[in-house]
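In what follows, a structure is listed as structure tokens, so that the remarks can point back to it.
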Amino acid sequence: MAKLTQHRQVILDLINDSNHHWDAEELARALIERGSSMGIATVYRGLAALESQGLISAFQMADRKRYERASKAHHDHLVCTGCGKIQEFFNDDIEQQQDRVAEENSFTITGHQLVIFGTCNNCS
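Numbering of the sequence shown is given in numbering that gives the first Met the number 0, commencing with residue 0 and proceeding in unit increments.
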């Protein structure tokens, strides 16, 4: 693996030091609050490079990607369309059903992302 640039290391540290699901704009604002002068284009390039190196994970929401630590155990996401809250969950029944569907269709799973949209208790 190539050595990380200083900017990419700062982005990686911020993501790894939190349980937040970041988008690029949130990261850029957080970096500015911490005294960085990193521009949004640099943040986007850094995120793309870190994702391609497997150092962070990403999942697509309706209008943007969200980024999180790659070292987390596999999980899926519940996303509230009212307030934007993201809740992680793991359900073995869902995982087993995906395996059955793949097997029934002679399909080899190499990965998946499940994002369920709805409303949380606070927004219902």
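Beta carbons are placed, not taken as given, at the ideal position from N, Cα and C, and that holds for glycine.
Between which two residues does the beta strand (DSSP E) containing residue i stretch?
i, result
"residue 56", "55-59"
"residue 86", "85-88"
"residue 117", "114-117"
I need the DSSP call for residue i, collapsed to helix, strand or coil.
i, result
"residue 6", "helix"
"residue 75", "strand"
"residue 51", "helix"
"residue 41", "helix"
"residue 121", "coil"
"residue 16", "coil"
Return the bridge partner residues of residue i from the DSSP annotation.
i, result
"residue 66", "21, 57"
Return the chain-ordered list of same chain residues with a C-beta closer than 7 Å to the C-beta of residue i, the five sequence neighbours on each side being excluded.
i, result
"residue 28", "none"
"residue 49", "7, 10, 11, 55"
Would you give the residue range spanned by the alpha helix (DSSP H) that residue i belongs to?
i, result
"residue 35", "Segment: none, residue 35 is in no alpha helix (DSSP H) and carries neither H nor E."
"residue 92", "91-103"
Keeping to the same chain, check which residues put their C-beta closer than 6 Å to that of residue i; ignore five residues upstream and five downstream.
i, result
"residue 89", "74"
"residue 108", "101"
"residue 86", "77"
"residue 65", "20, 22, 58"
"residue 33", "none"
"residue 37", "6, 30"
"residue 41", "6"
Between the options, which lies nearest to residue i when the distance is taken from Cα to Cα?
i, options, result
"residue 45", "36, 23, 35", "23"
"residue 62", "36, 41, 80, 111", "80"
"residue 116", "39, 105, 82", "82"
"residue 119", "53, 84, 70", "84"
"residue 113", "96, 123, 25", "96"
"residue 16", "103, 123, 111, 70", "70"
"residue 67", "51, 43, 14, 106", "14"
What does a CB cutoff of less than 8 Å around residue i pick up in its chain, not counting 5 residues either side in sequence?
i, result
"residue 25", "19"
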